[in-house]
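From first to last, the protein sequence lines stand for chains A and B. Just so you know, we're using my numbering here: the first sequence kicks off at 17 and counts up by one. Just so you know, we're using my numbering here: the second sequence kicks off at 910 and counts up by one. Built from N, CA and C at the ideal position, the CB exists for glycine as well. Note that the structure is a prediction, hence the values are computed from the model and not measured.
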Amino acid sequence: MTELRRHDNPLEELHFALAEADAQRPPKGLGATVLDAALTARSAGRPVDEPSPISPVEAFRRAVASVDELLGSLAPEQWQRPALRNLNVQQLVGHLTGVERDFQKGLATPDGPQGDADHVASTDPVAAAQHGRPPAETHDEWRAATTESLRMVGDVEASTAGLAAVVALHGLRMPIGPLLVVRTFELWTHAEDIRRATNRPLQAPDGASLRLMTELAVAMLPAGMRRAERPGNGRWARIVLTGSGGGTWQTQLGTAPDGPQPEGPVDVRIVIDAVDFCRLVANRMDPATIATVVTGDDALAQDLFTGAASLALD
Amino acid sequence: MRAVDSGDAVLVARLAAGDEEALAEVWQRHGPLVFGLARRLTGDSSTAEDVTQEVFVTLWQQPERFDAQRGSLRAYLGVHAQRRAIDAMRRDGRRTEREHRHHRLHPTAVATPGDSAECSELAGVVRNAIKKLPVEQREAVELAYFRGLTHREVATTLGIPEGTAKSRLRLAQTKLQTWLDPNLLELV
Chain A
17 MTELRRHDNP LEELHFALAE ADAQRPPKGL GATVLDAALT ARSAGRPVDE PSPISPVEAF
77 RRAVASVDEL LGSLAPEQWQ RPALRNLNVQ QLVGHLTGVE RDFQKGLATP DGPQGDADHV
137 ASTDPVAAAQ HGRPPAETHD EWRAATTESL RMVGDVEAST AGLAAVVALH GLRMPIGPLL
197 VVRTFELWTH AEDIRRATNR PLQAPDGASL RLMTELAVAM LPAGMRRAER PGNGRWARIV
257 LTGSGGGTWQ TQLGTAPDGP QPEGPVDVRI VIDAVDFCRL VANRMDPATI ATVVTGDDAL
317 AQDLFTGAAS LALD
Chain B
910 MRAVDSGDAV LVARLAAGDE EALAEVWQRH GPLVFGLARR LTGDSSTAED VTQEVFVTLW
970 QQPERFDAQR GSLRAYLGVH AQRRAIDAMR RDGRRTEREH RHHRLHPTAV ATPGDSAECS
1030 ELAGVVRNAI KKLPVEQREA VELAYFRGLT HREVATTLGI PEGTAKSRLR LAQTKLQTWL
1090 DPNLLELV
C-alpha cells in the first residue's frame, strides 16, 4: 500500500488513526453551533487572507508599473522573440499601445467607433508600425500612452460620474471601474505572454488586484457561456478559488429559459486555484489540463470552463 | 479538466477560500473524534463542547497552520483537541493525574517537526509492527493510518459493517500497544 504522506510523528498519526474508534457522536445541535461560531468569526465566502481592497484605478496602475518594469528588463534581442499570434514582443507592446489609444478615445467619447472596433484588428496598425524601430522607442511610446490613460482616468475618478460612467471599447460596454479591471487583466496576461516568450518565470498579480480580477471574472461567466453558446440556463455553480485573491462564490449561470429562478440546489461545485482560473479566463490555459476538483455535473463544469476561456479578448 | 486528489490539502485550501461547506465536511469527518477526545480528557460534556467549538473555529480562522506534508488533518485536529482540553482543565483548576500523564508523554502538545532521522526510524518501527498484525486487522489499520480513512470509510472500503471495522481496529490497537510504546498509543 502506498503511503500518502510523510509522517511527522508516526506514533501520533497512528494514535489518532486508532483513536477514532472511541469517537463519540457529538450532542445534537453542536455541529450547527460550531458552524455558526466559525461564520461569525469569518463570514462564508471570504478568504482567510483577504487583502485590503484597492480601487480599479490602483489595480491598473500596479499592472502598468509591473509591465513597465518587465519591459525595462528585456535584452534587445528578446524584443524580437515570438510572443502571441504573429506578433513578436515588440509588436505585442505596440498592440498594447494601440489599446491605450482606443481606451483614451473611449474615455473622451464613450460611444465612439472604438466601441464596436475589433480588439485585434483595431490595434494591428500600431503593432505593425513597430517593425524596425529601436525597442526603447516602443517602450517609451507605450509608457507615454499609459501615463496619459492614467491621467485621464484620474480626471474621470474626480468627476461627478466617477468610475460609474459607462464606456464602450472593443465590443465591451461597461462602467470604467470594471473596464479598468479588464484592462488590468489584459496587461497581466500580456506580461505573462512576454515572460513565456523570454523564458521568465510567470508572476501572479498581487492579492488585491487578483481579488478584483477573480470577482469580475466570476461575474462575467454567464456572459462568457452565452458567447460560447454553452448557456448555463439558470443552473447554479459553487466556485471556490483557492490561494491569494481567491474566495467562494455561489452563482447562477445565466437565467432559466422560463424566467428567473430562486436559488436552488447547486448543480456543480468547482475548486480551482485562483491564478489558474484567471489564466483560463485569459485563454492561456487548456481546460483539459487544468487541475480542478469538480463535484456534480461534469458537463456543466466543462461548459463553464469553455465559457470562461471565451471571455478573453486576446 | 484534470481531476486532482481532493484530500486534506484541498479541504484546507477550501477552508482558506471561505468555503463553509468544507468546514461542514471536516465536521462530519472529524467532529466525533474531536468531541470524543475532549469528552474523555475533560470528563465533562459541556467543557468538551466548548473545546470542540474552539478547535473548529481555530481551524476555520487559521487553516494555513495545517501542513498536509506533515501529517493528516485528523491527527492535527486530535492534537489540538488534546491541547485545548488540557487548557480548559487548567482554566477550571482541574489538573488531573490524566493531564500530568499526558504531559509526560507529549511534552510538546502540538506536533512539531521532529528529528527527521528519528521520525523516519520510528515510521519504520510502526510499519513493521503493522506488518505483524493478522491480515484482517492489518488491512483496516493500513487504510486508517496510511490512507487517512475514517473508520466508516474503512468499513465501506473493506465491505464490512462499521462495527466490525471498529472491532478489528480495537484488536489491532491492543496488539500495537503491546509491541510499541504502550503509553504513546493509549487512548486518552
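Between the CA atoms of residue j and residue i - distance to the nearest angstrom
{"i": "V140(A)", "j": "Q146(A)", "result": "Contrary to the premise, residue 140(A) reads as Asp rather than Val in this sequence. Distance between the alpha carbons of D140(A) and Q146(A) is about 10 Å."}
{"i": "A1018(B)", "j": "S981(B)", "result": "Bear in mind that the predicted position of A1018(B) carries a pLDDT of just 38, short of 50, making it unreliable; the figure below should be weighed with that in mind. Roughly 16 Å separates the two Cα atoms."}
{"i": "V988(B)", "j": "G1057(B)", "result": "15 Å"}
{"i": "P67(A)", "j": "N215(A)", "result": "30 Å"}
{"i": "E153(A)", "j": "G88(A)", "result": "12 Å"}
{"i": "I1069(B)", "j": "E1051(B)", "result": "15 Å"}
{"i": "A239(A)", "j": "V115(A)", "result": "22 Å"}
{"i": "V291(A)", "j": "F975(B)", "result": "22 Å"}
{"i": "L327(A)", "j": "V919(B)", "result": "27 Å"}
{"i": "K121(A)", "j": "A184(A)", "result": "10 Å"}
{"i": "A244(A)", "j": "L320(A)", "result": "9 Å"}
{"i": "A143(A)", "j": "P151(A)", "result": "12 Å"}
{"i": "V1063(B)", "j": "Y1054(B)", "result": "10 Å"}
{"i": "H23(A)", "j": "R979(B)", "result": "Low confidence applies here, because H23(A) scores a pLDDT of 49, under 50, leaving its location unreliable; read the following figure in that light. Taking the straight line from one Cα to the other gives about 6 Å."}
{"i": "W252(A)", "j": "T271(A)", "result": "10 Å"}
{"i": "P63(A)", "j": "E202(A)", "result": "24 Å"}
{"i": "R1047(B)", "j": "E934(B)", "result": "27 Å"}
{"i": "Q970(B)", "j": "A75(A)", "result": "27 Å"}
{"i": "T1065(B)", "j": "E1071(B)", "result": "8 Å"}
{"i": "R937(B)", "j": "L1085(B)", "result": "Contrary to the premise, residue 937(B) reads as Gln rather than Arg in this sequence. Whole-angstrom Cα-Cα distance: 28 Å."}
{"i": "A984(B)", "j": "A33(A)", "result": "7 Å"}
{"i": "Q943(B)", "j": "V960(B)", "result": "The sequence given here has Val at residue 943(B), not Gln. Spanning the two alpha carbons is a distance of roughly 8 Å."}
{"i": "L316(A)", "j": "V284(A)", "result": "7 Å"}
{"i": "H1015(B)", "j": "A947(B)", "result": "Residue placement at H1015(B) cannot be trusted, given a pLDDT of 45 that sits under 50; what the coordinates show is reported in the next sentence. Rounded to the nearest angstrom, the two C-alpha atoms are 16 Å apart."}
Near the ligand GTP: residue i beta-carbon under 8 Å from a heavy atom
{"i": "A207(A)", "result": "For the ligand GTP, the structure offers nothing, since it holds no ligand at all."}
Cβ-based burial, residue i [other Cβ within 10 Å; buried from 16]
{"i": "D1001(B)", "result": "exposed"}
{"i": "E29(A)", "result": "buried"}
{"i": "N104(A)", "result": "buried"}
{"i": "E93(A)", "result": "exposed"}
{"i": "P42(A)", "result": "buried"}
{"i": "G945(B)", "result": "buried"}
{"i": "V182(A)", "result": "exposed"}
{"i": "D996(B)", "result": "exposed"}
{"i": "V1044(B)", "result": "exposed"}
{"i": "T1021(B)", "result": "At T1021(B) the pLDDT is 40, less than 50, meaning the model places this residue with poor confidence and gives no usable figure here."}
{"i": "T1087(B)", "result": "exposed"}
{"i": "A180(A)", "result": "exposed"}
{"i": "T956(B)", "result": "buried"}
{"i": "L2(A)", "result": "Lying outside 17 to 330, the shown extent of chain A, residue 2(A) is not represented and no answer is given."}
{"i": "R101(A)", "result": "exposed"}
{"i": "P69(A)", "result": "exposed"}
{"i": "Q96(A)", "result": "exposed"}
{"i": "T951(B)", "result": "buried"}
{"i": "A91(A)", "result": "exposed"}
Within chain A, the residues that residue i reaches when beta carbons sit closer than 8 Å
{"i": "W936(B)", "result": "G47, V50, L51"}
{"i": "L1072(B)", "result": "It should be pointed out that residue 1072(B) corresponds to Gly in this sequence rather than to Leu. Those do not exist, as G1072(B) stays about 10 Å from chain A at its closest Cβ, beyond 8 Å."}
{"i": "R948(B)", "result": "Q40"}
Where residue i meets chain A, residues with beta-carbon distance less than 9 Å
{"i": "D959(B)", "result": "Ordered by position in chain A, no residue passes the 9 Å Cβ test against D959(B), which lies about 10 Å from the chain."}
{"i": "Q970(B)", "result": "A54, A57, R58, V64"}
{"i": "E1045(B)", "result": "Residues of chain A passing the Cβ test: none, with the nearest at roughly 15 Å."}
Beta-bridge partners of residue i, as assigned by DSSP
{"i": "A253(A)", "result": "T267(A), V284(A)"}
{"i": "M190(A)", "result": "V183(A)"}
{"i": "N104(A)", "result": "P98(A)"}
{"i": "T311(A)", "result": "R285(A)"}
{"i": "T376(A)", "result": "Here chain A has residues from 17 to 330 only, and residue 376(A) is not among them."}
Within chain B, the residues that residue i reaches when beta carbons sit closer than 7 Å
{"i": "T264(A)", "result": "A926, G927, D928"}
{"i": "E29(A)", "result": "G980, S981, A984, Y1054"}
{"i": "T154(A)", "result": "Chain B residues near T154(A): none, gap ~38 Å exceeds 7 Å."}
{"i": "V297(A)", "result": "Here the premise fails: no neighbours, minimum Cβ distance about 14 Å."}
{"i": "V287(A)", "result": "V919, R923"}
Cross-chain neighbours of residue i in chain B, by beta carbon under 8 Å
{"i": "P63(A)", "result": "A925, A926, G927"}
{"i": "E208(A)", "result": "The contacting residues do not exist; E208(A) stays about 20 Å from chain B at best."}
{"i": "P2(A)", "result": "With chain A represented from 17 up to 330, any question about residue 2(A) goes unanswered, as that position is not in the structure."}
Interface partners of residue i on chain A, CB under 7 Å
{"i": "L932(B)", "result": "L51, A54"}
Below-9 Å beta-carbon distance, residue i vs any chain D residue
{"i": "G952(B)", "result": "Of the chains in the structure shown, none is chain D; the protein chains are A and B."}
Proximal residues of chain B, C-beta to C-beta of residue i below 9 Å
{"i": "V284(A)", "result": "Result: empty, since nearest Cβ-Cβ is about 11 Å, beyond 9 Å."}
Original post:
Mind listing which residues of the segment 976 to 1001 of chain B have their C-beta closer than 9 Å to chain A's C-betas, in chain order?
Top reply: Of all residues in the segment 976 to 1001 of chain B, those with a C-beta nearer than 9 Å to a C-beta of chain A are D976, A977, Q978, R979, G980, S981, R983, A984, Y985, L986, G987, V988, reading in chain order.
Subject >> Interfacial residues, the segment 1053 to 1078 of chain B to chain A, with Cβ spacing under 8 Å >> reply: A1053, Y1054, F1055, R1056, G1057, T1059, H1060, K1075, L1078
Original post:
Which residues, in chain order, does the segment 71 to 103 of chain A contribute to contact with chain B at a C-beta distance below 9 Å?
Top reply: none
**OP:** Please name the residues in the segment 241 to 259 of chain A whose beta-carbon is closer than 8 Å to at least one beta-carbon of chain B, in chain order.
**Re:** Those would be R254, V256, L257, T258, G259, in chain order.
Subject >> Contact residues within the segment 306 to 323 of chain A, judged by C-beta distance below 9 Å to chain B >> reply: I306, A307, T308, V309, V310, T311, D314, A317, Q318, F321
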